[in-house]
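Sequence lines, in order, name chains U and X.
The first sequence begins at 1 in UniProt numbering and counts up one residue at a time.
The second sequence begins at 1 in UniProt numbering and counts up one residue at a time.
2 protein chains.
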Amino acid sequence: MTRILVVEDDPNLGQILSEYLQLKGFVTTLCTDGEKGFEKFKTEKYDFCILDVMMPKKDGFTLAKEIREIDKTIPVIFLTAKSMKEDTIEGLKIGADDYLTKPFSMEELILRVQAILRRSGAKSDQSNTINRFELGGLTFHYDRSLLERPSGDVKLTSRENELLKMLCDHMNQTMERNAALNAIWKDDSYFNARSMDVYIAKLRKYLKEEEQVHILTVHGQGFKLVKVE
Amino acid sequence: MTRILVVEDDPNLGQILSEYLQLKGFVTTLCTDGEKGFEKFKTEKYDFCILDVMMPKKDGFTLAKEIREIDKTIPVIFLTAKSMKEDTIEGLKIGADDYLTKPFSMEELILRVQAILRRSGAKSDQSNTINRFELGGLTFHYDRSLLERPSGDVKLTSRENELLKMLCDHMNQTMERNAALNAIWKDDSYFNARSMDVYIAKLRKYLKEEEQVHILTVHGQGFKLVKVE
DNA sequence: AACGGTTTTTAACCAGTTTTAACACCCCTA
DNA sequence: TAGGGGTGTTAAAACTGGTTAAAAACCGTT
C-alpha cells in the first residue's frame, strides 16, 4: 500500500488528482494549502508527496523543505504552472524527484509516480506495510500468506493474499472494485473483475467460521470488510 | 567509483560521450548496439546506464526493459533525437530517470547524471556484497558455498549458491523469475525457467528443517524467501 | 582420449493457481 | 414489474509450478 499526500490549492484539480490516484490503487489525502499539508504530514504516515508549487500561505518548496527535514528520503513530485529555469534549480536543491508542468495528463503522472517508486526500491513498500491483522479469532499474516484459524490454518495463494490484504487495509471502509483491480490485477477489464468476484467468494469461505468478520458487497462500488467488536 | 554503461550506435558521439564521462571521473564502457550492450550488462557490474533510443538490432527501450528485469533500481537516461510525447510515455513506462534530446551539451549530461546519483543516494558502492546470512538457526556462507545446519552442513553447487544468494538479497521481498534467470542463467528461456524450478525444489529441501524460513511462490511473478522472527 | 563423479539440463507427468465461461440470482430503476 | 447490469457460484479450461528421474554436459584425473 502506498499512501500519497496531495497538496494542491485548486480544489477541482486536487479532487480529480486524488480520485484518479485512488482509482489506481493508491491511498491519498488531499490538502488545499501548504499549512494544512504540513499538519497532515506530521500526524500521519505517507510514502509519497505530490505538491503544487504555488499555493497560498505556504508554497510547495517551503513545504517540501519542512517535509524533508522530517523524512529525508520521501519522494516528492512538484506540480508547476510555469517551466522556468529558476524553479527547476530551486526544486533540485530541495531534492525534487520529478516535475510536472501543468497541464499534464493523468497517465503521465501515474507513470512518473510508478517510475519513482520502482527506483526507490521496495524499502518503502516493505517497512511501512502492516503484515499482521487480527480478524476476530483469526489472524492474517500477509508476509507469510497465511490465515490462522482455530479450525486449521489456510495457506493463501498470491491473489487471495493480495486481495485480503487490500480489504484489511480498508477495514470497515469500502474498497473500490477498480482500485483493487488496478492495484492487484493491474487492469480493470471485465474478466479480471469476474476473477475478483471468484476470489471474494473464496475469501468468504475462509472467513465463514468467524462470525465477527465478513465481507459485504457495496453494490456498484466494491466490497467492505466489516469487523464487529 | 561509478561505472556507466553507454550504448550509442553513432561511434563518434559514443566516443565523445564516453571520453568526456571518463574525464569527469566515471568509469565507462561503450557499446555500439543494443545486443552488445545487454551482453556487457550481464557480465559486468554497472551503476548507471545511458542509452540511445534508436539503435540497430535492439532499441534503447527494449534494452532498458531487459536491464530493468535484472536490476530494478539502476538509473537510466535515454538519448533521443526527437522529443515526441509517445516516446516520453513509453520511456516512463520502462522507468526512465531522465531524457536528453539531441543535440545536447556534455555539461548538461554531466549535471543530470550527478543529479540522479545524488537523488538515488550513496548506494553506489555495492562492491561489498554480503557474504553471510542468518536464516533462523541456519547460516548461509555465500563465499564458501556453504549452508550450515544443525543436522549437518550442505556444500552448495554454484547454481544453488547463486540462487540462494539472490533470494537472501531479496529477503521478504519477491525475487522475480526473469530477474533471477537473467542474472544467474544469463537467459530467460523456457528450459532455464524449468531448471530454476528444479533448483528451488532443492533449496526447499535444504531449508526444510528450519521452520522459521521458507521459500514461497508468488504465482506468475517469482519467489519470496520469508523469515519469521 | 577415456573414465568416473558431479552438476546441470531436459523431459515427462502431476499438482496447484488463475482465468474463463455459463447460468442463476439480485438490485436498481424506468 | 420488466429489463439490464452487477454479483454469486460452480466447474472446466488454460496456464504455471512441483517433482522426479534420466540424459547431457562438465571437470579433474588418468
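Ideal placement from N, C-alpha and C gives every residue a C-beta, glycine not left out.
Counting C-beta neighbours from all protein chains within 10 Å, is the total for residue i 16 or more, i.e. buried, or is it exposed?
i, result
"Glu66 (chain X)", "buried"
"Ile16 (chain X)", "exposed"
"Val228 (chain U)", "exposed"
"Asp125 (chain X)", "Any reading at Asp125 (chain X) is ruled out, since the residue's pLDDT is 45, under 50, leaving its predicted position unreliable."
"Phe104 (chain X)", "exposed"
"Ala122 (chain X)", "Legend: pLDDT at Ala122 (chain X) = 47, less than 50; position of this residue unreliable, no value from coordinates given."
"Met196 (chain X)", "buried"
"Met55 (chain U)", "buried"
"Phe38 (chain U)", "buried"
"Ser189 (chain X)", "exposed"
"Ala201 (chain U)", "exposed"
"Arg132 (chain U)", "exposed"
"Pro75 (chain X)", "buried"
"Leu111 (chain X)", "exposed"
Grab the span of the alpha helix (DSSP H) containing residue i for me, first residue to last.
i, result
"Glu66 (chain U)", "60-70"
"Lys224 (chain U)", "First-last for Lys224 (chain U): 222-227, but that is the beta strand (DSSP E), not the alpha helix (DSSP H)."
"residue 299 (chain X)", "Residue 299 (chain X) lies beyond the stretch modelled for chain X, which goes from 1 to 229, so this question has no answer here."
"Glu19 (chain U)", "11-23"
"Glu39 (chain U)", "34-43"
"Leu167 (chain U)", "158-169"
"Arg144 (chain X)", "It is not in any alpha helix (DSSP H) - Arg144 (chain X) carries neither H nor E in the DSSP assignment."
"Ala179 (chain U)", "177-180"
Is the separation between the beta-carbon of residue i and that of residue j shorter than 9 Å?
i, j, result
"Ala193 (chain X)", "Met166 (chain X)", "no"
"Arg3 (chain U)", "Thr32 (chain U)", "no"
"Asp47 (chain U)", "Leu117 (chain U)", "yes"
"Thr157 (chain X)", "Glu148 (chain X)", "no"
"Asn161 (chain U)", "Tyr142 (chain U)", "yes"
"Gln212 (chain X)", "Gly152 (chain X)", "no"
"Glu8 (chain U)", "Asp71 (chain U)", "no"
"Leu21 (chain U)", "Val6 (chain U)", "yes"
"Asp169 (chain X)", "Ile215 (chain X)", "no"
The beta strand (DSSP E) spanning residue i covers which residue range?
i, result
"Tyr99 (chain X)", "98-101"
"Asp52 (chain X)", "48-52"
"Ile184 (chain U)", "Premise fails: Ile184 (chain U) is in no beta strand (DSSP E) and is neither H nor E."
"Ile77 (chain U)", "76-80"
"Thr29 (chain X)", "27-31"
Is residue i near the ligand GTP - that is, is its Cβ less than 8 Å away from at least one heavy atom of it?
i, result
"Met196 (chain U)", "Absence of the ligand GTP from the depicted structure is noted, as is the absence of any ligand whatsoever, leaving it without description."
Output, in sequence order along the chain, the residues in the segment 158-192 of chain U whose CB is closer than 8 Å to any CB in chain X.
Ser158, Arg159
Whether or not the segment 54-65 of chain U and the segment 74-83 of chain U are in contact is what I'm after, with contact meaning three or more pairs of Cβ atoms, one per stretch, closer than 8 Å; do they touch?
yes
Three or more C-beta pairs closer than 8 Å, one from the segment 160-180 of chain X and one from the segment 208-223 of chain X: is that the case here?
yes
Can you give me, in chain order, the residues of the segment 213-224 of chain X that have a beta carbon less than 9 Å from any beta carbon in chain U?
His214, Leu216, Thr217, Val218, His219, Gly220, Gln221, Lys224
Report the residues of the segment 124-156 of chain U with a CB closer than 7 Å to any CB of chain X, ordered along the chain.
Gln126, Asp143, Arg144, Ser145
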